[in-house]
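Below is one structure, written out as structure tokens; the observations come after it.
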Amino acid sequence: MPLKIYNSQTKQKEPFDPLNPPQVGIYVCGVTVYDSCHIGHARSMIVFDVMVRLLRFKGFQVTYVRNFTDIDDKIIARARQEEVDPKTLAEKYIQEFEDDMKVLGVLTPDFEPRATLHIPEIIGLVQKLVDQKAAYMVEGDVFFAVEKFSAYGALSHRTLEEMQAGARIEVDPRKHHPMDFALWKKGKPGEPVWDSPWGPGRPGWHIECSAMSSRYLGETFDIHGGGKDLIFPHHENELAQSMAVSCKPLARYWIHNGFVTIQGEKMSKSLGNFLTIQEMVRRFYPEAIRLLLLSRHYRSPLDYSDQAMQEAQMGLNRFYTLLKDLEHPEDRLQNKGNEPLVSERIKEAEEAVGRFKENFQQALEDDFNTAQAIGHMYELTRQLNRTMDTVRPKELKGLADPFNRAAGLLKQYGQLLGILTRPPQDFLDQEKTRLLNKKGLSAETIERLIAERNQARKEKDWARADGLRERLVEMNILLKDSPRGTIWQIEE
RNA sequence: GGCGGCAUAGCCAAGUGGCUAAGGCAGCGGUCUGCAAAACCGUUAUUCACCGGUUCGAGUCCGGUUGCCGCCUCCA
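Those letters in the first sequence? Residues 52 to 543, by the working numbering.
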């Protein structure tokens, strides 16, 4: 099946047709490192992570570049506030970002270039723009002249007139056109500066991505991505700068992910309504965070709530429980199936697995529809649980083949989403420990109460048994009695 | 003020021209259980914000109305 991608520039789903197959170049705008990252950033990183995984799965040789903006106004302002060197501040948040990505299981890109390490390329690019009169210098600042680039606005689908109509900010009177933007900023006292033909200064916000993408991927590459909020002005400006120099398209496909919202409002640092990744991973299992973020289509807004997060955690537990059961169906609790194993059942399971294999891939290939793909995972889960529940325990062996295939597929496809990467029993044990610690409970206490309850049950002292179970329920402990003993589970 | 997007069950959510509108959560009924829990089965949208149009046929395309959100300013 060919991959289809929604291109923000054309506003259509298009068949993916890379420039030099099987090579694929992808550039994603990373973060400006002046503060901790929140789950909105996590969504973007995870969404593109999955895209890269899928491309590789489909046999493409992907070169994945994700930059750090490590010099800009906000970094300088924040550094001043904290009385540290901007470089030190940037370094600190780069490290934190790397840690966040690692915890979330986001693959490291092939290149993670930083603006400050590409100053010569940036200056070279600005110089070219100045040489061809697409940019002009005023008092040590260099601006890009948007009127010199006729396609300006093509990406964000608006014209210069429309943008001016809505202008809400004061315009720097030195600009030839209100929408002109800085390529190079003159340094003020105390700011980090680099020497340039226009005097000491630093790069503007957009130019670094033009410089770094061409350095690592060439003048035209396949996919350029980032959050929706980057379409304008960042990507529009990048496109203008790059194309003004190369006269070639910058990217063949522009992909933009939707925002994470909280109570319907965009999560952002300026609104202060954000949840940091660090906070999230303290509270929830990283794979559950991935599952939540991938269970909505990447272009739609995703409204975060603790309830949604808990549902994702439950879903993840369900998948891991299924995997464990598929490996040891004979250990499954309360298997009271009474249907003799007949070829019908085997066929049913095999068909379910076959359907899943096809459907899952098809969903991802249709513009990375992870939400639909995850739906198929739930469907398979239900179907296999049904099979295990309806067949006589002793006859489960006959289903070993489809069960192994299903487990293998779930793990393989889980890899594409970055979930189900752990041995199921380990995961379930760890999850239990995590929750126990969170509740400040010990396994010994719980097991002692369970032993007492089982004694009461043996004596058919139901009142006492139920009383003990009540006490455990108050501790958020749920019991599952099985012929092989009582199993307990802790609730979030 | 300009531009764009979205509106699918109690909640979340997939679905962009045609078989019975995925999936999850919650609810209800059932199987199982001493009672539970878990799992499973059944059930929960003759209908996709509203009005009109195109079409043999529309949640899906077109026009209008209402509501929400985003971008136009730093932003994943």
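Ideal Cβ placement from N, Cα and C applies to all residues, glycine included.
Quick caveat, the model's predicted, so the values are computed rather than measured.
- Task: Report yes or no: do three or more beta-carbon pairs, one from the stretch 250-264 and one from the stretch 273-292, lie closer than 8 Å?
- Result: yes
- Item | Extent of the continuous beta strand (DSSP E) run through residue 65 | 63-66
- Message: For a test of the three-state rule: what should DSSP assign to residue 286, helix, strand or coil?
- Response: helix
- Query: Where DSSP assigns a beta bridge to residue 256, which residues make up the other side?
  - Reply: Answer by DSSP bridge pairing: none, since residue 256 is not bridged.
- Task: Apply the 10 Å Cβ neighbour rule to residue 494 and answer buried if 16 or more other Cβ atoms are within range, or exposed otherwise.
- Result: exposed
- Item | Which of helix, strand or coil DSSP assigns to residue 71 | strand
- Compute the Euclidean distance between the alpha carbons of residue 332 and residue 68, then round it to the nearest angstrom. 37 Å
- Scan the stretch 108-135 and note each continuous alpha helix (DSSP H) run of 4 residues or more that stays entirely inside, going in chain order. 124-133
- Just list the alpha helix (DSSP H) runs in the stretch 151-195, keeping only unbroken ones of 4 residues or longer that don't cross its boundaries, in chain order. 170-182
- Could you round the C-beta distance between residue 404 and residue 456 to whole angstroms and report it? I think they count as a contact, below 8 Å. 5 Å
- Return the chain-ordered ranges of every alpha helix (DSSP H) run that is complete within the stretch 222-278 and spans a minimum of 4 residues. 258-268
- Message: Pairs of beta-carbons, one from the stretch 305-322 and one from the stretch 77-95, closer than 8 Å: are there three or more?
- Response: yes
- Within 10 angstroms of its Cβ, does residue 275 collect 16 or more other Cβ (buried), or is it exposed? buried
- Message: Per DSSP, what are the beta-bridge partners of residue 421 in this structure?
- Response: Answer by DSSP bridge pairing: none, since residue 421 is not bridged.
- Do the stretch 340-348 and the stretch 461-481 make contact, defined as three or more Cβ pairs closer than 8 Å? yes
- Message: For a test of the three-state rule: what should DSSP assign to residue 354, helix, strand or coil?
- Response: strand
- Output the boundary residues of the beta strand (DSSP E) element that contains residue 306. 302-308
- With a 10 Å radius around its C-beta and 16 neighbouring C-beta atoms as the bar for buried, classify residue 151 as buried or exposed. buried
- Look at the alpha carbon of residue 431 and the alpha carbon of residue 308, and state the distance between them as a whole number of angstroms. 28 Å
- Message: For a test of the three-state rule: what should DSSP assign to residue 465, helix, strand or coil?
- Response: helix
- Task: Below 6 Å CB to CB, which residues in the same chain sit around residue 410 once its five sequence neighbours on both sides are set aside?
- Result: 427
- Assigned secondary structure, residue 138 (DSSP; H/G/I helix, E/B strand, else coil): helix
- Message: Let me check one thing: in DSSP terms, what residues is residue 312 bridge-paired to?
- Response: 317, 354
- Message: Excluding the 5 residues flanking residue 114 on each side, which residues of the same chain have their C-beta closer than 6 Å to its C-beta?
- Response: 76, 161
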